[in-house]
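Following: one structure in structure tokens, then a few remarks.
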Amino acid sequence: MGKIKDINDLVNATFQVKKFFRDTKKQYNLNYEEIYILNHILKSESNEISSKEIATCSEFKPYYLTKALQKLKDLNLLSKKRSVHDERTVIVFVTAEQREKIKKLIAELEKYI
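For the sequence shown, our numbering assigns the number 1022 to the initial residue and increments by one for each residue that follows.
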């Protein structure tokens, strides 16, 4: 998709994005926040990211971030632990197996684009 030049392009792009997330929700039971987190993890060079970093990049409200991280943990797509330096900090991490599952899932989702 090229650059959005006018309101018509914006409306069409918005329609496509809404359809993508509606279809993704039906088929994979994943919402925008969950896909954003998985993509962020996949693009990260590290296997560990603080939940605060995800919150800063995404601007998700804490409630939505906590809910999304817990769901992804329940689906075994990521793991969580407390920081050894600060118990208040949640560290999101992925194993090699989880990273591979995320990579396959994102590749499947990209087929819809």
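Yeah, the Cβ is synthetic: ideal placement off N, Cα and C, and Gly gets one too.
What residues are listed by DSSP as bridge partners for residue i?
| i | result |
| --- | --- |
| residue 1118 | Note: residue 1118 sits in no beta bridge, so no partner. |
| residue 1100 | 1114 |
| residue 1069 | 1114 |
In chain order, what residues of the same chain lie with their CB nearer than 6 angstroms to the CB of residue i, ignoring the 5 residues before and after it?
| i | result |
| --- | --- |
| residue 1068 | 1114 and 1115 |
| residue 1045 | 1051 |
| residue 1042 | 1053 |
Tell me the residue span of the alpha helix (DSSP H) that contains residue i.
| i | result |
| --- | --- |
| residue 1059 | 1053–1064 |
| residue 1107 | No alpha helix (DSSP H) holds residue 1107; DSSP gives it neither H nor E. |
| residue 1033 | 1028–1049 |
| residue 1085 | 1083–1095 |
Between which residues of its own chain and residue i is the CB-CB distance below 8 angstroms, once the five residues before and five after are set aside?
| i | result |
| --- | --- |
| residue 1076 | 1083 and 1086 |
| residue 1119 | 1097, 1098, 1099 and 1100 |
If you drop the 5 nearest sequence neighbours on each side, which residues of the same chain put their C-beta closer than 7 angstroms to that of residue i?
| i | result |
| --- | --- |
| residue 1073 | 1110 |
If we cut at 8 angstroms on Cβ distances, does residue i have a partner in chain B?
| i | result |
| --- | --- |
| residue 1096 | In the structure shown, chain B does not exist; there is a single protein chain. |
Can you tell me the Cβ-Cβ gap for residue i and residue j, rounded? I've got them flagged as a contact below 8 angstroms.
| i | j | result |
| --- | --- | --- |
| residue 1127 | residue 1090 | Not quite, the Cβ-Cβ distance comes to about 17 angstroms (not below 8 angstroms), so this is no contact. |
| residue 1123 | residue 1071 | The Cβ separation is near 18 angstroms, so there is no contact. |
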